[in-house]
C-alpha cells in the first residue's frame with residue numbers, strides 16, 4: 079500500500095539511473111543513516127558497541143571487499159583474512175615508523191599495500207578457475223601466517239609476535255570511547271559502501287560481472303580478462319586491507335598473527351554466501367548473521383532464565399548456529415539479500431496480492 | 053513461503069531480544085551488598101580438559117566463601133561464568149559482557165589465556181579493572197608502573213623458564229656445563245608459547261647452549277614433523293610449552309620416537325593429570341614445574357567437601373577435587389578474595405570497585421601463617437606485591453609423574469631476577485612508548 083512507485087515518473091536520464099530509484103527507498107535509507115549516525119551513539123550500551131556493532135561494521139566492510147571479487151567477479155578466494163593481516167600489519171608499521179602521519183592516510187596506504195599483495199596473489203586467477211583458484215588463494219593465507227609469525231621486523235621485534243597500537247587520532251579527535259569508535263567506523267563504512275555501489279554500477283563492475291557470468295563471451299565482446307580480474311582482486315584487497323587495519327587499530331588494539339587465521343577467512347566466505355553473493359546489502363546481512371547470532375545464541379538461555387551450564391550453552395550455540403546455516407541455505411540458496419528482495423516484492427502487492 | 057516468514061520472525065525476535073537485554077542490563081542495579089566475580093571459562097573446545105578443572109576449583113572456592121563465611125566480611129559473592137573457548141575474540145566479548153555487572157562492576161578478571169590477556173590489557177586502562185594472570189600472561193606486565201592493571205601473581209614465563217634452566221644446570225653439575233648442549237623448546241605457536249623465548253635466548257648467550265625453536269600450531273594434535281626434527285637433532289633436553297591436548301600428544305610422540313621422558317620438562321601448564329594420563333605408562337618419568345599449587349588435598353579441601361559438596365552444591369565431580377589444575381583454580385580464587393579482604397581494610401566493608409580491588413592486589417601480603425590459616429598449607433608459596441612489583445615473588449619446584457601421581461621434589465627454585473628485571477623494564481618501556489602510556493609514579497601514590 080505504501081511501498082509503490084506509482085506516480086514516480088522519470089523524465090531525465092539522471093533520475094532514471096540514480097542509485098535508489100524509488101522515493102520510499104530513499105526516505106528509508108536517509109532515516110536509517112540519521113538513526114545510525116545521530117541517534118544510535120546515544121542509545122546503546124558500551125557492551126553493544128564493543129561486542130556487536132564494532133565487529134559487525136568492520137566485518138561488513140571486509141565482506142563487501144570479498145563480495146567484490148567472489149560475488150561480482152566470480153573468482154573464489156579463501157585467503158582473504160591474509161589481506162586483512164597485510165592491511166593491519168602495514169598500518170601498524172606505517173604508523174610506527176612515520177608517527178606524524180594522519181590515520182586516514184595510514185589507512186589508505188595500508189589499503190594500497192594490501193591491494194598490491196592482492197594483485198600478486200590474484201595472478202593465478204588468470205590461468206585457473208573455480209576450486210583450483212580457491213586452493214591457490216589458500217596459499218596467501220598460509221604464506222601471510224608464516225610471514226607475520228616469522229619475520230620479526232614486521233612486528234617490531236616483539237617477542238611474542240603480538241603488536242599493540244595507540245588509540246586512533248584524527249585531526250585532534252582521539253577516537254577512544256565506544257560510541258566514537260562506532261561513529262568513525264560507520265563513517266568509513268558509509269563512504270566505502272557508496273564507492274562500492276558506484277563501482278559495481280559503472281563499466282568496471284559490469285566487466286567483473288561479465289567475467290563472472292561467462293569469461294569467454296566477455297573476452298569476445300572486448301573485455302580484457304587480465305584487467306578485469308586483477309582490478310577485482312586489487313579493489314577487493316584494498317577494501318579488505320582497510321578492514322584489517324581497522325580491525326587491528328580500532329577493534330583489537332593489540333593483536334597477534336592468529337587474529338587473522340584461516341577461520342576468519344572462512345567466516346568471511348560464509349558471510350557472503352549466507353548474506354548473498356553479488357549483493358552489497360547481503361554483505362551486511364551476512365556479517366550480522368555471523369557476528370551477532372553466536373553471541374545471541376550463547377546468552378539466549380540465560381535471558382529466558384533457563385538454568386543450564388556454561389558448557390551446555392556453548393554446545394547448544396554450536397548446534398543451533400550450524401543448523402540455522404543449513405536451514406537458511408536450503409530455504410534460500412541465494413542468501414538473506416534475496417529474502418529481503420522477496421520481502422520487498424511482496425510489500426509492493428500488499429495488502430492485495432494477486 | 054509461510055515457513056520463511058516464520059523463520060524471519062524468529063530471527064527478528066532473537067535480534068530484538070538481544071538488543072533489548074543489552075540495553076536494559078546496562079544501568080547498575082541498586083546498591084546490593086554483593087561483590088561480583090566474573091569467571092571466564094572454557095568448558096568446551098580443544099582446551100576443555102584443562103579448562104574445566106581450573107574453572108571448577110575457582111567456582112568452588114567462591115561457593116565455599118559464601119557457604120562457610122557468608123561472603124567476604126559479610127559481603128556476598130556473586131559470580132557468572134562466560135565461555136571463551138580459549139578464543140581471543142570470544143574472550144574479549146566475555147570481558148565486555150561481564151565487566152559492568154554487579155553493584156560495583158567486576159572485581160578482577162582471570163583470563164586463563166595469554167592471547168585474551170594481551171587483548172584485554174589495553175582495555176583495562178579505561179575500565180580500571182585488574183586482570184590477574186597467575187602464572188601466565190605477559191612477562192613484562194610484572195612492571196606495575198606501566199601495566200597498572202595486570203597482575204601476573206606468582207610467576208611469569210620468564211621466571212619459569214629461568215627456573216627450568218637452573219634445574220637442568222644443577223643436574224649437569226653447574227650452569228657452565230650447559231655449554232654446547234642442545235635444548236629444544238616445543239611450544240604452542242601463540243603468544244603463550246612464544247613468551248619464554250627471549251629469556252631462553254638471553255640465557256643461551258650467557259651459558260652457550262644451543263636453543264632449538266619448534267613451534268606447534270593450534271591445537272597441537274599434529275606434531276609428527278616436530279618430533280621428526282627432534283629425532284634428527286637429538287637435543288639434550290626438551291622443554292614443553294603446551295596447553296590442552298598438545299601436552300598429551302607431545303608425550304605420546306616422545307614415546308613413539310623413543311625420546312627419554314626423563315629429559316622432558318614441562319612448564320607449569322604442562323604438568324597436570326589430563327596431560328599425562330592419556331599417554332598411559334609412557335608418561336612415567338616426565339617432569340614439569342609446579343608453582344603455587346601441586347596436586348593433593350589439605351584443610352581447604354575438607355572445607356569444600358563439607359560446605360559445598362556435601363550439600364550437593366559442587367561444581368565438578370567429588371573425585372576430581374585436589375587435581376593440579378583444580379588446586380590452581382582454587383588458589384587463583386583465594387588470592388582474589390584475599391585482595392578484596394585486604395582492600396576492605398582501606399575502603400571499608402562494602403562492595404568494591406575494580407580500582408579499589410587493585411589497591412588490595414598491590415598490597416597483598418600472604419605469608420606462611422596466612423597460608424596456613426586459609427587452609428592452603430603446602431599448596432602455595434608466599435606472595436607479597438607492591439605498586440611497582442605486580443608479580444609478588446616467584447618460586448617453584450619440579451614434580452615428576454610416577455605413573456600414578458605427581459611426586460613433588462623437595463628443592464625450591466627461585467628465578468634470577470638480575471637477568472629478568474632489566475628485560476622486564478626494557479619490554480615495558482617499549483610497550484609504554486608504543487601505546488603512549490604515562491608511567492605511574494609509585495612513590496607519589498604511596499605518599
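Protein chains in written order, with my numbering: chain F, 79 to 432; chain C, 53 to 499. Every residue, glycine too, gets a C-beta built ideally from N, C-alpha and C. Owing to the predicted nature of the structure, the values given are computational and were not obtained by experimental measurement.
Sequence-distant residues of the same chain with beta carbon closer than 6 Å to residue i, five excluded per side
{"i": "residue 162(C)", "result": "184 and 384"}
{"i": "residue 359(F)", "result": "415"}
{"i": "residue 312(C)", "result": "none"}
{"i": "residue 218(F)", "result": "157, 160 and 199"}
{"i": "residue 365(F)", "result": "134, 137, 138, 141 and 349"}
Cβ neighbours of residue i in the same chain (closer than 8 Å, five flanking residues each side left out)
{"i": "residue 146(F)", "result": "274, 277, 278, 286, 310, 313, 314 and 317"}
{"i": "residue 487(C)", "result": "174"}
{"i": "residue 96(F)", "result": "none"}
{"i": "residue 214(C)", "result": "251, 255, 467, 468, 471 and 472"}
{"i": "residue 285(C)", "result": "234, 236 and 264"}
{"i": "residue 87(C)", "result": "123, 124, 127, 128, 129, 130, 154, 156, 159, 392, 403 and 404"}
Any C-beta of chain C under 8 Å from that of residue i
{"i": "residue 129(F)", "result": "yes"}
{"i": "residue 156(F)", "result": "no"}
{"i": "residue 373(F)", "result": "yes"}
{"i": "residue 345(F)", "result": "no"}
{"i": "residue 296(F)", "result": "no"}
{"i": "residue 271(F)", "result": "no"}
{"i": "residue 334(F)", "result": "yes"}
{"i": "residue 322(F)", "result": "no"}
{"i": "residue 38(F)", "result": "Any answer about residue 38(F) is impossible in this case: the structure gives chain F only from 79 up to 432."}
{"i": "residue 242(F)", "result": "yes"}
Any chain F beta carbon closer than 8 Å to residue i
{"i": "residue 217(C)", "result": "no"}
{"i": "residue 200(C)", "result": "no"}
{"i": "residue 167(C)", "result": "yes"}
{"i": "residue 554(C)", "result": "With chain C covering only 53 through 499, there is no way to say anything about residue 554(C)."}
{"i": "residue 93(C)", "result": "yes"}
{"i": "residue 250(C)", "result": "yes"}
{"i": "residue 161(C)", "result": "no"}
{"i": "residue 171(C)", "result": "yes"}
{"i": "residue 358(C)", "result": "no"}
{"i": "residue 81(C)", "result": "Confidence at residue 81(C) is low in this model, with a pLDDT of 43, below 50, so the placement of that residue is unreliable and no value is reported for it."}
Cutoff 7 Å; reference residue i; Cβ partners in own chain excluding five residues on either side
{"i": "residue 482(C)", "result": "none"}
{"i": "residue 218(C)", "result": "465"}
{"i": "residue 196(F)", "result": "161, 311, 312, 314 and 315"}
{"i": "residue 117(C)", "result": "123, 124, 129 and 389"}
{"i": "residue 325(F)", "result": "136, 162 and 166"}
Per-residue burial, residue i [other beta carbons within 10 Å of its own, 16 or more giving buried]
{"i": "residue 102(C)", "result": "buried"}
{"i": "residue 410(C)", "result": "buried"}
{"i": "residue 289(C)", "result": "buried"}
{"i": "residue 278(C)", "result": "buried"}
{"i": "residue 436(C)", "result": "exposed"}
{"i": "residue 316(C)", "result": "buried"}
{"i": "residue 451(C)", "result": "buried"}
{"i": "residue 396(C)", "result": "buried"}
Which listed residue (the options) has its alpha carbon closest to that of residue i
{"i": "residue 301(C)", "options": "269(C), 349(C) and 208(C)", "result": "269(C)"}
{"i": "residue 440(C)", "options": "87(C), 192(C) and 170(C)", "result": "192(C)"}
{"i": "residue 265(F)", "options": "288(F), 190(F), 404(F) and 182(F)", "result": "182(F)"}
{"i": "residue 207(F)", "options": "98(F), 129(F) and 151(F)", "result": "151(F)"}
{"i": "residue 370(F)", "options": "86(F), 117(F), 103(F) and 132(F)", "result": "132(F)"}
{"i": "residue 163(F)", "options": "340(F), 413(F) and 174(F)", "result": "340(F)"}
{"i": "residue 329(F)", "options": "143(F), 103(F), 243(F) and 96(F)", "result": "243(F)"}
{"i": "residue 126(F)", "options": "93(C), 147(C), 454(C) and 245(C)", "result": "147(C)"}
{"i": "residue 432(C)", "options": "293(C), 331(C), 347(C) and 398(C)", "result": "347(C)"}
{"i": "residue 155(C)", "options": "408(C), 480(C), 423(C) and 404(C)", "result": "404(C)"}
{"i": "residue 453(C)", "options": "309(C), 314(C) and 134(C)", "result": "314(C)"}
{"i": "residue 115(C)", "options": "357(C), 444(C), 449(C) and 376(C)", "result": "357(C)"}
Bridge-paired residues (DSSP) for residue i
{"i": "residue 134(C)", "result": "92(C)"}
{"i": "residue 441(C)", "result": "195(C)"}
{"i": "residue 451(C)", "result": "340(C) and 460(C)"}
{"i": "residue 184(C)", "result": "162(C) and 203(C)"}
{"i": "residue 240(C)", "result": "268(C)"}
{"i": "residue 128(C)", "result": "86(C)"}
{"i": "residue 316(C)", "result": "290(C)"}
{"i": "residue 436(C)", "result": "417(C)"}
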